[in-house]
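Visitor:
2 protein chains.
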Amino acid sequence: MARGKRAVNQGESMKNTEEFPSIDGPRLVAHLEQLGAIGLREDGSCCRLALTDEDKAGRDLVVSWMRELDLEVKIDRVGNIFGIRPGSEDLPPVMSGSHIDTVATGGKYDGCLGVLAGLEVIRTLNESGIQTRRPLVVGVFTNEEGARFQPDMLGSLVYGGGFSVEDAWRAIGTDGAAFGAELERVGYVGTMEPGSMVPSAFVELHIEQGPILDLEGGLLGAVQNLQGISWQEVTLKGMPNHAGTTPMRLRHDAGYGAARLTCFVRDLALNIGDTQVGTVGFTHLSPGLVNVIPGEAVVTVDLRNTGEDRLKEAEDHLMAFLHELGQQEGLRISTRCLARFEPVTFDPEIVSVIEAAAESLGQTVRRMTSGAGQDAQMMARLCPTAMIFVPSVGGISHNPAEFTKPEHVELGTNVLLRTLIQLAR
Amino acid sequence: MARGKRAVNQGESMKNTEEFPSIDGPRLVAHLEQLGAIGLREDGSCCRLALTDEDKAGRDLVVSWMRELDLEVKIDRVGNIFGIRPGSEDLPPVMSGSHIDTVATGGKYDGCLGVLAGLEVIRTLNESGIQTRRPLVVGVFTNEEGARFQPDMLGSLVYGGGFSVEDAWRAIGTDGAAFGAELERVGYVGTMEPGSMVPSAFVELHIEQGPILDLEGGLLGAVQNLQGISWQEVTLKGMPNHAGTTPMRLRHDAGYGAARLTCFVRDLALNIGDTQVGTVGFTHLSPGLVNVIPGEAVVTVDLRNTGEDRLKEAEDHLMAFLHELGQQEGLRISTRCLARFEPVTFDPEIVSVIEAAAESLGQTVRRMTSGAGQDAQMMARLCPTAMIFVPSVGGISHNPAEFTKPEHVELGTNVLLRTLIQLAR
C-alpha cells in the first residue's frame, strides 16, 4: 500500500478492505541505526546504560525527533519522556513506547524499536493528514534494563505506581552513582508527576528476545500475558578442605551442592512443564581453586511462570529441595529474594485488536507469552495493555548480534499503526 | 627421656630398650612461631610466596640457624638450600627436609615443620654428641606450593631431574615476574648442580593436611604412597540466551553442563571407591548473569588415586561422560591437562623403620597415603623415600587456622630423629 494522504475510516471495525497508510520501513531502520550509533563499541555492541552521557545523547536525539513531529514533549520526575500528539477530542490518550537504555553489550532493537516505531507511526499519520479522536503518546521509560540501577523497569514501575520517586532517586548504580544525581546531571528531571497522564490503552512493540517466532518462520506475536518472575540468590556454606586428602565421605562440598541445585532447577522446570522455565545463570565458588573443596557457593535461581500458583509451587519445591540438600550434604543454606514480579495478564480486547490489525495486513499472528520483563507490565497497572512481538533472528538479544529483519520491523510497525488508529478512534 | 649427652647404640636394630635423646618440643614450637611471624598478616595467615621479600627473610633465618648448628650450607642453581652435617664416613647422606614457602593465606606448619624438625634433630644430636655414620642433610626446597610459580614442587622436581634449571628460570609468576630474576634478586642463586648430592634415603615430616589422623584420635602416619594427580580444565560451550524467553527444550546451557559434570565427578569417585577422590574446585560461568543462560562454563576437575591404572580408568570415564554430555545437551566440550603426576610408592623399608621408631616410643602408627603433592614424591625419583605425618586439627591447612598440637609436633620429630639415626647407621 502506498504512503500518502488518504481518508481513513475512523469507525469501529478494521476490515481488510479498509485503507491505512503504511509506514516507511527503510526510514525507520535508518533511525534505528542512527540511535544505535550512539554508544556503539568496537565489537558492534551498543552501550547506553541509563543516565550516562550516551543515554543523554540518545534522549536528546529522540526528543529532537519528537519536536520535528510537532509533538508536545513532557518529562516526569524520574526522567520518563512523553511525546504527545493531540486528538480531535480531549480524551485520555492511547500510548505506545518502550525504552532506549541498553545493557552494557546491547543491540540496536531491544527497546529502541518500540520508541522509534511509535514515532514512525506518528510521522506517517502526520504525512497522511490523519487525525485520531484520542491523543497519541509515545513514551520513553527510564532505566528499563536495570543494568545500571536496580530495580529494572524503574521508570515504568514508578509511572505505574509501584515505586516512589524518592526511592528511585535514592537508587545507587553499579558504579556507585545515585539515580537522582545522575538524572539531574543529564538534565532530564521533569516536573510532570509520574502516572498523572493515564492512558486509555498502552501498546508496546518489542523484539521477542527469544527464538519462538524466528523458529516458526517469522510470524508476529500478539502478547497476551507475561511471566511472573522469581529471582533468588542461594548461598551454600560447607567446609573448604584439601581436595587430595579429604575422603569423599567427610566432605561438605558447597560446589557439589551448587551443582545439585543447578540440576534440580532444570528438573523442576521440566516436571512442572508448560510455561515454567528455570535457570541458574550465576555460580561463584570460594575459594575457587582447583585443589580445594569449595567452602562456599553463591548461586542465582531464575524461575518464571505465567501462573502465580504454579510459580509459588516452583518456589516451594525449591525451598524443600534446599532443606533436604542441606541435611544430606551438611551444608548451611540461605536464600535471599532478588526480585519477585507476579505474572501479568494483558487486555484480551487489545490482543484481539492486534490480531485483527495483523489479519488486515494478510498476516497471522501467534498468541504468546512474554518471558522477559517489559515496561508494558508496569503500564498494565494503570490501563488496558498488550504487546506486539517481532521475531529476533536466532532468539539473540542483549548482544551485538541482536537482529530483526527489516521486513519484520516494517510489518510490526504497520500492525502497531493499525492497532493505535483502531484504539484511538 | 631426658635430653643430654648419652651413648647411642649405632647397630641395626631399634629396640624399645635402646636409649635415644629426645628433641626439645617447646624450642621447636618457638622456632615454628618465629618463622611463622615472617609474612604474618592481620588475619593470622602467613604469606611467604616463593622468592618474595618475605621468603628471602624466611630463608635468611633458616640459613642463620643452619650456621649456628655448624652445618655446611650449600645452595643449588634453583635456590634449594642444604644444611650438611658430616658423618663419620664419606657416604651418601640421609636427607630430611621440606619447604618454607607458603600459599597466600598459609599456616605455620605446612612445610616449615619438616625443615625445622630436621634442624631440631641435628640440634639434639649436636647437644647429645651423637655422631652418625652417614652425613645428615636438611633440605629446603624452592616454590613447593606453586602459589607463585608453576609447576608446584618446582625445586624438588628440578632436584629429582624432572624439570630443567633453564625451564625453571623461565617460569613466570602470577605477578608476571620471572623465577630466575626473582631468585637473583633475593640472592639465592647457588652454584651446586641440582641432584648432584644423591642421598641414601629421604624422609619428610609433614602435617597431614587432611582429617584422618585427627579423627582417629591423634595417631601418627607412616606414609607408604602418594596419590597420582590428574588435573583437567574442561570448557563447555553452549548458547547464551534469555532465561525468560528460551523454552527449556531449546537450551544449550553450559552452566547446566558444568553442574552435571560436577555431580558426575562425585559419583565417579564413589563408584571407583577405595582411594579415589574427585573434586570440582573451580567453576566460572559466562556471562554469569541471573537472567542469561550461560553460554560458556570453565570447570576444573581434580582426580587422584594411588593406583595409576585406576586413575587412568577414572580419566577414561570422565572423557566418555563428557562426550555423552556434549551430545545430549548440544555443547561443545574441550579439555586441557593442567597437571598429571603418576602415583608414587614410597620405600617399604623406610616405612618399616618409621613404624619401628614410633613403636620404640610406645606409639602405634597408621600406614597411609598422602593425598597432597609433596617434595618427597620428587625425591623418590632419586633415592628410597618415605614420609611421616602428624595430625592437623580438623584437617585444616592453607589457612590461618592450620594447627598441629605441640605434643604431636614433638612426637613426630622424635620419630624423625630415631628414623634418621637408624637410616644413618
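Chain order of the listed sequences is A and B.
Sequential numbering from 613 applies to the first sequence in our numbering.
Sequential numbering from 613 applies to the second sequence in our numbering.
For glycine and all other residues, C-beta sits at the position ideal for the given N, C-alpha and C.
Taking Cβ-Cβ distances shorter than 7 Å, what residues in chain A pair up with B:Gly822?
Guide: Your numbering for residue 822 of chain B matches position 210 in the second sequence. His854, Thr857 and Thr858, listed in chain order.
Visitor: At 3 residues or longer, and completely inside the stretch 653-703 of chain A: list those beta strand (DSSP E) runs for me, N to C.
Guide: Within the stretch 653-703 of chain A, the complete beta strand (DSSP E) runs of at least 3 residues are 684-687 and 693-697.
Visitor: What is the DSSP secondary structure of A:Val1021, reduced to helix, strand or coil?
Guide: Translated into positions along the first sequence, residue 1021 of chain A becomes position 409. Of the three classes helix, strand and coil, the one that applies to A:Val1021 here is helix, per DSSP.
Visitor: Along chain A, which residues have their Cβ under 7 Å away from the Cβ of B:Arg878?
Guide: Sequence index remark: in the second sequence, residue 878 of chain B carries index 266 (1-based). Neighbours of B:Arg878 on chain A, chain order: Tyr868.
Visitor: What is the C-beta distance between B:Ser842 and B:Arg952, in whole angstroms, given that I count them as a contact (C-beta under 8 Å)?
Guide: In the second sequence, the residue the question calls residue 842 of chain B occupies position 230. In the second sequence, the residue the question calls residue 952 of chain B occupies position 340. With 8 Å as the limit, B:Ser842 and B:Arg952 qualify as a contact, their Cβ atoms being about 5 Å apart.
Visitor: Can you list, in chain order, the residues of the stretch 998-1026 of chain B whose Cβ is nearer than 9 Å to any Cβ on chain A?
Guide: Against chain A - using a Cβ distance shorter than 9 Å - the residues of the stretch 998-1026 of chain B are Ser1004, Gly1006, Gly1007, Ile1008, Ser1009, His1010 and Asn1011.
Visitor: Rank A:Ser1009, A:Met999 and A:Glu1014 by C-alpha distance to the C-alpha of A:Leu1029 and give the top, closest one.
Guide: Counting from one through the first sequence, the residue named residue 1029 of chain A turns up at place 417. For A:Leu1029, the nearest C-alpha among the options comes from A:Met999.
Visitor: In whole angstroms, give me the CA-to-CA distance for B:Leu825 and A:Ala984.
Guide: Along the second sequence, one-based indexing puts residue 825 of chain B at 213. Along the first sequence, one-based indexing puts residue 984 of chain A at 372. About 54 Å.
Visitor: Short of 6 Å in beta carbon distance, which residues of its chain neighbour A:Trp677, apart from the five on each side in sequence? Order them along the chain.
Guide: As a first step, residue 677 of chain A is located in the first sequence; it is residue number 65 there, counting from the start. Hits under 6 Å: Leu731.
Visitor: Here's the rule: buried if 16 or more other CB atoms are within 10 angstroms of the residue's CB, otherwise exposed. What is A:Gln1034?
Guide: Here residue 1034 of chain A is taken as the residue at index 422 of the first sequence, counted from 1. Buried: at least 16 other Cβ atoms inside 10 Å.
Visitor: Would you mind telling me which residues of chain B sit closer than 8 Å to A:Arg916, beta carbon to beta carbon, in chain order?
Guide: Here residue 916 of chain A refers to the residue found at position 304 when the first sequence is read from its first residue. By Cβ distance, chain B contributes Ala855 and Gly856.
Visitor: Tell me whether the beta-carbon of B:His711 lies closer than 9 Å to the beta-carbon of B:Asn755.
Guide: For the purposes of this step, residue 711 of chain B is identified with residue 99 of the second sequence, where counting begins at 1. For the purposes of this step, residue 755 of chain B is identified with residue 143 of the second sequence, where counting begins at 1. Yes.
Visitor: Under 9 Å between C-beta atoms, does A:Trp677 make it to chain B?
Guide: Locating residue 677 of chain A in the first sequence gives position 65, where the first residue counts as 1. Not closer than 9 Å to any Cβ of chain B, the Cβ of A:Trp677 fails to qualify, so no.
Visitor: What are the residues that DSSP puts in a beta bridge with A:Cys949?
Guide: Counting from 1 along the first sequence, the entry for residue 949 of chain A is found at position 337. Answer is A:Gln844.
Visitor: Beta carbon of A:Val706, beta carbon of A:Leu748: below 9 Å?
Guide: Taking the first sequence and counting its residues from 1, one reaches residue 706 of chain A at position 94. Taking the first sequence and counting its residues from 1, one reaches residue 748 of chain A at position 136. Yes, the Cβ-Cβ distance between A:Val706 and A:Leu748 is below 9 Å.
Visitor: B:Arg944: buried (16+ other C-beta within 10 angstroms of its C-beta) or exposed?
Guide: Within the second sequence, the letter at position 332 stands for residue 944 of chain B. So B:Arg944 ends up on the exposed side.
Visitor: Closer than 9 Å by beta-carbon distance: list the chain B residues that pair up with A:Arg1039, in chain order.
Guide: The displayed coordinates of chain A run from 613 to 1037. Any statement about residue 1039 of chain A would go beyond what the structure contains.
Visitor: What in chain A is Cβ-close to B:Cys875, meaning under 8 Å?
Guide: Sequence index remark: in the second sequence, residue 875 of chain B carries index 263 (1-based). Near B:Cys875 (Cβ distances below 8 Å), the residues of chain A are Tyr868, Ala871, Arg872 and Cys875.
Visitor: According to a CB-to-CB cut-off of less than 7 Å, which residues of the stretch 887-913 of chain B neighbour chain A?
Guide: Correct list: Val889, Thr891, Val892, Gly893, Phe894, Thr895, Leu897, Gly900, Leu901, Val902, Asn903, Val904, Ile905, Pro906 and Thr912.
Visitor: On the premise that A:Val1027 lies in contact with A:Ile966, defined as a C-beta separation below 8 Å, what is that separation, rounded to the nearest angstrom?
Guide: Your numbering for residue 966 of chain A matches position 354 in the first sequence. Your numbering for residue 1027 of chain A matches position 415 in the first sequence. Contact flag correct, Cβ pair sits at about 6 Å.
Visitor: So which residues on chain A does B:Leu934 lean against when the C-beta distance must stay under 7 Å?
Guide: Stepping through the second sequence from its first residue, residue 934 of chain B is reached at position 322. By Cβ distance, chain A contributes nothing, its closest Cβ being about 15 Å from B:Leu934, past 7 Å.
Visitor: Would a C-beta distance cut-off of 9 Å place B:Leu817 and B:Gly648 closer than the cut-off?
Guide: As a first step, residue 817 of chain B is located in the second sequence; it is residue number 205 there, counting from the start. As a first step, residue 648 of chain B is located in the second sequence; it is residue number 36 there, counting from the start. It is not a contact, given that the beta carbons lie outside the stated cut-off.
Visitor: For B:Gln839, go through chain A and note every residue whose CB falls closer than 8 Å to its CB, in chain order.
Guide: Here residue 839 of chain B refers to the residue found at position 227 when the second sequence is read from its first residue. Residues of chain A passing the Cβ test: Gly856.
Visitor: Does any CB atom of chain A fall closer than 9 Å to the CB of B:Ser657?
Guide: As a first step, residue 657 of chain B is located in the second sequence; it is residue number 45 there, counting from the start. No, its Cβ sits nowhere closer than 9 Å to a Cβ of chain A.
Visitor: What is the residue span of the alpha helix (DSSP H) that A:Asp779 lies within?
Guide: What you label residue 779 of chain A is simply residue 167 of the first sequence in a count that begins at 1. That run of the alpha helix (DSSP H) goes Val777 to Arg782.
Visitor: Within 10 angstroms of its Cβ, does B:Gly670 collect 16 or more other Cβ (buried), or is it exposed?
Guide: Walking along the second sequence from the start, residue 670 of chain B turns up at place 58. Buried, because 16 or more other Cβ atoms sit within 10 Å of the Cβ of B:Gly670.
Visitor: Once the 5 residues before and after A:Glu794 are set aside, which same chain residues still bring their CB inside 6 Å of it?
Guide: Working through the first sequence from its first residue, we reach residue 794 of chain A at position 182. Cβ neighbours of A:Glu794 beyond the five flanking positions: Leu663.
Visitor: Around the C-beta of B:Gln940, are 16 or more other C-beta atoms found within 10 angstroms, so that it is buried, or is it exposed?
Guide: In the second sequence, counting from the first residue as 1, residue 940 of chain B sits at position 328. With fewer than 16 Cβ atoms within 10 Å of its Cβ, B:Gln940 is classed as exposed.
Visitor: Helix, strand or coil for A:Arg618, going by three-state DSSP, please let me know.
Guide: Within the first sequence, numbered from 1, the residue matching residue 618 of chain A stands at position 6. Reliability of the predicted coordinates at A:Arg618 is poor, the pLDDT of 37 falling under 50, and no value is obtained from them.
Visitor: Determine the contact status of A:Gly829 and A:Val1002, defining contact as a CB-CB distance below 9 Å.
Guide: The sequence position of residue 829 of chain A within the first sequence is 217, counting from 1. The sequence position of residue 1002 of chain A within the first sequence is 390, counting from 1. Going by C-beta atoms, A:Gly829 is not nearer than 9 Å to A:Val1002.
Visitor: Around the Cβ of B:Cys658, are there at least 16 other Cβ atoms within 10 angstroms (buried) or fewer (exposed)?
Guide: Within the second sequence, the letter at position 46 stands for residue 658 of chain B. When all chains shown are included, B:Cys658 counts as buried.
Visitor: Can you tell which of A:Ala780, A:Glu1019 and A:Leu880 has the C-alpha that lies nearest to the C-alpha of A:Ala932?
Guide: Translated into the one-based positions of the first sequence, residue 932 of chain A becomes position 320. For the residues A:Ala780, A:Glu1019 and A:Leu880, the minimum Cα distance to A:Ala932 belongs to A:Leu880.
Visitor: At least one CB of chain B closer than 9 Å to the CB of A:Asp787: is that the case?
Guide: Indexing the first sequence from 1 puts residue 787 of chain A at position 175. Output row for A:Asp787: interface = no.
Visitor: Run through DSSP, which three-state label would A:Gly623 get?
Guide: Translated into the one-based positions of the first sequence, residue 623 of chain A becomes position 11. Here A:Gly623 scores only 36 on pLDDT, less than 50, and its place in the model should not be relied on; the value that follows carries that caveat. If DSSP states are grouped into helix, strand and coil, A:Gly623 belongs with coil.
Visitor: Using a beta-carbon distance below 9 Å, is B:Ala984 in contact with chain A?
Guide: Here the question's residue 984 of chain B lines up with position 372 in the second sequence. Yes, B:Ala984 counts as interfacial toward chain A.
Visitor: Anything in chain A within Cβ reach of B:Leu661, meaning under 9 Å, just list it in chain order.
Guide: Position 49 of the second sequence, counting from 1, holds the residue named residue 661 of chain B. Going along chain A, no residue has its Cβ under 9 Å from B:Leu661, so there is no contact; the nearest lies around 15 Å.
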